[in-house]
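**Student:** Protein chains in written order, with the numbering used here: chain G, -6 to 274; chain R, 1144 to 1265.
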Amino acid sequence: MKIAVLSGKGGTGKTTVSTNLAYAMGIDYVDFDVEEPNGHIFLKPRDLKESDVNIMTPVIDQDRCTLCNICVETCQFNALVNTGKRILVFEDLCHGCGACSLACPEKAISEYPRKIGVLFEGTYEKADFFSGRMALNEPMAGPIISEIKRRIPKGRDHIVDCSPGTSCNVVKGVDGADYAIMVTEPSVFGLHDLKLAVELVEEMDIPMGIIINRSNEYDPLIEDYAKDSNLRILGKIPFSKAAAKIYSEGKLLIEEPAIKEIFEGIKKQVLEEVDHAISHS
Amino acid sequence: MKIVLTAKGKESSSPVDERFGRAEYFILYDDAAQTYSVINNPGQYENSGAGVKASQIVIDAGAEVVITGSLGPKAFMVLRDAGIRGYQNYSGTLEEMVAAFKEEKLQELLTPGEEVKTRGRS
Ligand code: SF4
Ligand code: SF4
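Right, here's the structure in full:
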């Protein structure tokens, strides 16, 4: 079982939901928000193993290069340019796909491993923990996410804390999920971002439900939308001073009995929904 | 001499576009023939690398001069290496820019502008 947790933008409580729910369900937690990973703050994983994520980046042998332009035309990412004097490589645009070196008829392109980030693997109290972090000045989240994905043992139940927004990296997180949880806030902005995220998941044909964070108990804005869109509200996490304090101390909200109950309720609903989804797929 | 101008339309009377990589059109002005021709800008919709792609288009068009709003660091570097000079446009039509360039009234872009942040990281 794979559950993806997403939100149309950052700061809506996506990580709060992912970490607490992973804990409540006792399953692996995977942090795909490699730009700003936060899950470790709350789950406090132990025995973290750190490894580098590299991508193979081209180096042009200008003596061999005939400026035939084939590599430039091959690169989908505009990382190569032919100035008429030489081929320039813009490393921060290069995705390390290897297409250019394969295409070069003069064998003028070699590759070197360039570090774009790191990956962490460990365990937290209940199960395994995976995350990654982009290196400074290396805006290449995709390959790090793909590498984390490869490390998750096949068949392990896990929760994926997706990157915020609706970019292709979110798609990578949601891809292959049995169920998606949308975390939102009861505000006009929250609803706007929620709609974008719902559209994305609908396109991928993955069943989903909504969790309202900082709920006012009755949130007509989101609830009416959910009703109209035929989406289940899995739970509401109330705004409380106690919760804010626990959060600011980097602790799990389910340490608070009232919130623990809410997460137990969410867990039950999610399991039902996932069961339903799997039996209908 | 050939000049590439960034433009919001396809005519010599069209307004300039201050964007380089994400310009709506590139217009190639050929001084010898006194003609304007349109080059579409596929880079306009690119997630990243639009400036690099645009620079390649300018190089491939055989231009010696680019007239646009500003050049990001990558485009600036590529055009430098290719020996192409950039000049800054101001609001007006393409014809006006060409005339101003010939009268040496345009300012040369001697430093790169800010890097245009891409939509969503890839
Ligand atoms: S490895 Fe791929 S992305 Fe990088 S420069 Fe070559 S073709 Fe472009
Ligand atoms: S494909 Fe090889 S020979 Fe051709 S321009 Fe690129 S590096 Fe040079």
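Note that beta-carbon positions come from the ideal geometry of N, C-alpha and C, so glycine has one too.
Could you give the DSSP three-state label for residue 27 of chain G: helix, strand or coil?
**Tutor:** Three-state DSSP puts residue 27 of chain G in coil, outside helix and strand.
**Student:** Assuming residue 46 of chain G contacts residue 112 of chain G under a Cβ cut-off of 8 angstroms, what Cβ separation, rounded to an integer in Å, is found between them?
**Tutor:** Yes, residue 46 of chain G and residue 112 of chain G are in contact; Cβ-Cβ is about 5 angstroms, under 8 angstroms.
**Student:** Taking Cβ positions only, does residue 1263 of chain R come closer than 8 angstroms to chain G?
**Tutor:** Note that residue 1263 of chain R scores a pLDDT of 39, beneath 50, so its modelled location is shaky; the value from the coordinates is reported in the next line. Residue 1263 of chain R counts as touching chain G.
**Student:** From this set, R:1174, R:1247 and R:1245, which residue's C-alpha is nearest residue 1205 of chain R's C-alpha?
**Tutor:** With distances taken between Cα atoms, residue 1205 of chain R lies closest to R:1174.
**Student:** Going by DSSP, what residues sit across from residue 115 of chain G in a beta bridge?
**Tutor:** Note: residue 115 of chain G sits in a beta bridge opposite G:122.
**Student:** For residue 1203 of chain R, name the three-state secondary structure that DSSP assigns.
**Tutor:** Note: residue 1203 of chain R maps to helix in three-state DSSP.
**Student:** Closer than 8 angstroms by beta-carbon distance: list the chain R residues that pair up with residue 72 of chain G, in chain order.
**Tutor:** Within chain R, the residues near residue 72 of chain G are 1192 and 1195.
**Student:** Which residues, in order along the region 9 to 28 of chain G, keep a beta-carbon less than 8 angstroms from a beta-carbon of chain R?
**Tutor:** So the close ones are 28.
**Student:** Less than 7 angstroms between the CB of residue 90 of chain G and some heavy atom of ligand 2, yes or no?
**Tutor:** No, Cβ of residue 90 of chain G sits at least 7 angstroms from all heavy atoms of ligand 2.
**Student:** Classify residue 11 of chain G as helix, strand or coil using the three-state DSSP reduction.
**Tutor:** Helix.
**Student:** Quick one: residues in its chain with C-beta nearer than 8 angstroms to the C-beta of residue 91 of chain G, no 5 flanking neighbours on either side, listed in chain order?
**Tutor:** For residue 91 of chain G, where only same-chain residues beyond five positions count, the Cβ hits under 8 angstroms are 49 and 104.
**Student:** Pick helix, strand or coil for residue 17 of chain G, following the three-state DSSP scheme.
**Tutor:** DSSP places residue 17 of chain G in helix when its eight states are reduced to three.
**Student:** Thinking C-beta only, is residue 1163 of chain R closer than 8 angstroms to residue 1211 of chain R?
**Tutor:** Taking 8 angstroms as the Cβ cut-off, residue 1211 of chain R and residue 1163 of chain R qualify as a contacting pair.
**Student:** If you measure from the beta carbon of residue 1199 of chain R to each beta carbon in chain G, is any gap under 8 angstroms?
**Tutor:** At least one chain G Cβ lies under 8 angstroms of residue 1199 of chain R.
**Student:** Using CA atoms only, rank isn't needed, just tell me which of R:1160, R:1149 and R:1192 is closest to residue 1201 of chain R.
**Tutor:** The shortest C-alpha separation from residue 1201 of chain R is found at R:1149.
**Student:** Taking 8 angstroms as the CB-CB limit, is residue 1182 of chain R close to chain G?
**Tutor:** Not an interface residue.
**Student:** Is it the case that the CB of residue 60 of chain G approaches a heavy atom of ligand 2 more closely than 7 angstroms?
**Tutor:** Residue 60 of chain G: yes, Cβ under 7 angstroms from ligand 2.
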